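Okay, so the sequence shown: first residue is 434 according to my numbering, each after it adds one.
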Amino acid sequence: MLGKFSYSNPTKLYFGEDAITSLNKELPKYGKNVLLVYGGGSIKQNGIYDRVIELLKANGKEIFEDAGVMPNPTVEKLYEGCKRAKEGKVDFILAVGGGSVCDYAKAVSVSVYCNEDPWDKYYLRMEDVDNEIIPVGCVLTMVGTGSEMNGGSVITNYESKLKIGHVFRENVFPKFSILDPTYTFTLPKYQMVAGFYDILSHILEQYFSGEDDNTSDYIMEGLMKSLIHSSKIAVKNPTDYEARSNIMWTATWALNTLVAKGKATDWMVHMLGQSVGAYTNATHGMTLAAVSMAYYKEILPFGLAKFKRFATNVWDVNPEGKSDSQVALEGLEKMEQYMKEIGLVMNLKELGVTEDMIEGIAKGTFILSGGYKELTYDEVITVLKNSME
Ligand code: NZQ
Ligand code: ZN
């Protein structure tokens with residue numbers, strides 16, 4: 434059932450080849466001093482950096498660079514970015530990169546004028562922003578997180594072994610995002626497929642909640658079918674524009690708040706994956722892939738009707754002559770085959786998890802109640818153990 438809600442998404446998108454020229458429309462809206470945030474250097478190798486600098490200069494901007502945002506950005510890097518933004522008295526933050534860079538830019542945007550430790554306020558206490566926010570724009574180079582059109586911002590604190598995401602309100606969403614599918618062509622295959630699974634996982638986390646038959650479920654089935662189809666093509670030919678553009682668009686809609694409408698939402702695979710990330714610094718999408726099968730097998734009996742629907746509507750399992758459980762399990766088997774086919778990491782050992790980490794990872798896993806079964810601590814341990822091989 435779709436209950437009462439209001440809906441809006443303030444991020445303006447510019448999609449397609451050479452969408453970067455839209456910076457000419459957006460940059461004049463903001464002040465002169467721009468913090469240019471990017472990662473470890475891929476944008477210098479593929480030429481995106483030069484193009485962005487050219488456009489910033491053509492728009493008369495003073496550029497302050499904040500490079501070296503690492504995958505899974507750390508709290509120490511956040512403090513450094515705030516210092517840099519303050520020194521430059523920046524009016525605007527331009528994030529050029531993947532989810533890590535976009536998430537980090539949002540974290541800096543709310544933290545520069547925060548009068549206490551932003552880790553405590555936003556990540557441990559999950560408080561709203563009550564200070565000035567520096568506007569953010571994104572140029573996306575890696576597809577998966579949906580950070581380009583949402584308020585999510587995930588920061589890792591390795592000292593306390595916690596990786597936590599704050600979903601900020603609309604005033605923190607990027608003002609605009611530039612989505613050029615050709616910018617993703619240079620991604621290494623490992624990152625590309627990790628991103629594909631991140632998208633699928635975002636959809637599954639929302640789909641596998643609630644028994645209700647609503648529009649969101651149908652939209653999600655369509656998004657999943659498009660993703661499965663296009664990702665198989667992209668794995669064989671990473672420069673297939675049709676496939677990469679479909680995937681880029683799917684990723685945005687998978688996590689821009691639309692399909693969550695009417696859904697309780699689960700997010701346990703992400704809670705498990707994030708805790709794994711805090712212990713291993715593994716690639717986000719791979720942490721999700723490694724725990725998914727064990728998790729879904731654990732909760733399947735509690736959401737049987739939906740798992741059956743997933744099998745027939747998404748994986749085309751023929752239900753004739755089979756019990757509901759058989760159909761549901763066949764759906765998961767097809768998903769597992771697909772995951773292996775596109776080259777995902779299917780177990781935690783391969784991500785560097787050792788037996789002695791399991792307890793700590795379980796303790797760092799926030800248990801949420803929106804899915805079909807609220808896990809106990811022991812069940813979290815079981816899922817992690819079953820994900821080891
Ligand atoms: O740092 P550089 O040199 O740019 O290299 C990056 C990085 O090593 C590389 N890369 C990106 N674009 C490239 C490229 N290499 C070649 N060509 C390109 N065009 O890819 C690597 C991974 O980038 P990263 O930004 O870390 O990946 P992703 O987009 O998956 O972001 C992961 C982060 O987002 C968080 C994750 O937890 C993780 O910290 N998430 C954010 C969410 C949100 N905002 O809603 C939700 C997600 O569930 C997720 O938790
Ligand atoms: Zn994710």
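We put the beta carbon where it would ideally sit given N, CA and C, even for glycine. This structure is a prediction, so every number in the text was calculated from the model and none was measured.
Exposed unless 16 or more other CB atoms sit within 10 angstroms - verdict on residue i
i      : result
Arg558 : exposed
Thr683 : buried
His717 : buried
Pro443 : exposed
Ser756 : exposed
Leu435 : exposed
Asp550 : exposed
Glu520 : exposed
Gln770 : exposed
Lys494 : buried
Tyr440 : exposed
Asn505 : buried
Lys825 : As shown, the chain starts at 434 and ends at 822. That puts residue 825 outside it, with no answer to give.
Asp536 : buried
Tyr674 : exposed
Ser610 : buried
Asp650 : buried
Lys510 : buried
Contacts around residue i, its chain only, beta-carbon distance under 8 Å, and the 5 residues preceding and following it disregarded
i      : result
Val724 : Val702, Leu705, Gly706, Val709, Leu781, Val816, Leu817 and Ser820
Ala489 : Going by the sequence as given, residue 489 is Leu instead of Ala. The residues are Leu456, Leu460, Val467, Leu469, Ile496 and Leu527.
Pro671 : Phe618, Leu620, Lys622, Met625 and Arg677
Ala518 : Leu468, Phe497, Asp499, Ile526, Val541, Val545 and Ile567
Asn590 : Thr507, Val508, Trp552, Tyr556, Lys596, Ile597 and Ala711
Nearest candidate by alpha-carbon position, reference residue i, set the options
i      : options                           : result
Met696 : Asp451, Asp563 and Met653         : The displayed chain sequence assigns Lys, not Met, to residue 696. Among Asp451, Asp563 and Met653, the Cα nearest to that of Lys696 is on Met653.
Asp524 : Asn548, Thr716, Leu765 and Leu460 : Leu460
Leu660 : Ile791, Ile632 and Met719         : Ile632
Ala491 : Asn714, Val605, Lys465 and Ala676 : Lys465
Lys594 : Tyr805, Ser802, Lys608 and Met790 : Met790
Ile775 : Ser441, Gln759 and Lys622         : Lys622
Glu766 : Glu565, Glu783 and Lys741         : Lys741
Pro734 : Gly493, Ala761 and Lys669         : Ala761
Asp699 : Val786, Met625, Val485 and Tyr805 : Tyr805
Glu731 : Asp811, Ala667 and Met657         : Asp811
Met657 : Ala667, Lys669, Tyr630 and Val668 : Tyr630
Lys477 : Glu513, Tyr591 and Tyr616         : Tyr616
Tyr463 : Pro568, Val778, Glu822 and Asp650 : Pro568
Gly584 : Trp552, Ala627 and Ala540         : Ala540
Val576 : Met625, Glu565 and Ser586         : Met625
Lys522 : Lys773, Glu565, Lys510 and Lys445 : Glu565
Lys773 : Ser802, Val668, Ser758 and Lys516 : Val668
Val485 : Gly501, Cys515, Ala538 and Asp451 : Asp451
Sequence-distant residues of the same chain with beta carbon closer than 6 Å to residue i, five excluded per side
i      : result
Ser634 : Val702 and Leu721
Leu808 : Ile800
Asn679 : Ser659 and Ser663
Glu763 : Ala744 and Val750
Close Cβ partners of residue i (< 7 Å) along its chain, the five nearest in sequence each way excluded
i      : result
Lys554 : Cys547 and Glu560
Phe438 : Lys694
Gly785 : Thr713 and Ala715
Tyr556 : Ile588, Ile597 and His599
Within-7 Å CB hit, residue i to chain C
i      : result
Lys669 : Of the protein chains in the structure, only one exists, and it is not chain C.
- Could you tell me whether the stretch 568-586 touches the stretch 474-484, using the rule of 3 or more Cβ pairs below 8 Å? Three or more pairs of CB atoms, one per stretch, sit closer than 8 Å, so the stretch 568-586 contacts the stretch 474-484.
- Considering only residues of the stretch 563-627, which uninterrupted beta strand (DSSP E) runs meet the minimum length of 3 residues and lie entirely inside it, listed in chain order? If we require 3 residues or more, the beta strand (DSSP E) runs fully inside the stretch 563-627 come out as 569-573, 585-590, 595-600 and 609-612.
- Quick check: the stretch 459-472 against the stretch 521-534, are there 3 or more CB pairs under 8 Å? Counting Cβ pairs under 8 Å, three or more are found: they touch.
- Message: With three or more beta-carbon pairs closer than 8 Å as the criterion, would you say the stretch 806-816 touches the stretch 726-740?
- Response: Short answer: they touch.
- Message: With three or more beta-carbon pairs closer than 8 Å as the criterion, would you say the stretch 671-688 touches the stretch 577-585?
- Response: Yes: at least three Cβ pairs fall under 8 Å.
- Examine the Cβ distances between the stretch 589-608 and the stretch 619-639 and report whether three or more of them are shorter than 8 Å. Fewer than three pairs of CB atoms, one per stretch, sit closer than 8 Å, so the stretch 589-608 makes no contact with the stretch 619-639.
- Report the residue ranges of all alpha helix (DSSP H) runs contained in full by the stretch 488-553; include only those spanning at least 4 residues, in chain order. 508-520 and 532-544, all fully within the stretch 488-553.
- Would you call the stretch 740-755 and the stretch 602-612 touching, i.e. three or more CB-CB distances under 8 Å? These segments do not touch.
- Sequence ranges, alpha helix (DSSP H) only - wholly within the stretch 638-690, length at least 4: Every alpha helix (DSSP H) stretch that sits fully inside the stretch 638-690 and reaches 4 residues is listed by chain position as 648-669 and 674-687.
- For the stretch 439-493, list the alpha helix (DSSP H) runs that are entirely contained and at least 4 residues long, ordered along the chain. Counting only runs of 4 or more, we get 456-459, 475-478 and 481-491.
- Message: Could you tell me which whole beta strand (DSSP E) segments of length 3 or greater appear in the stretch 691-771?
- Response: The DSSP assignment places no complete run of the beta strand (DSSP E) inside the stretch 691-771 (cut-off: 3 residues).
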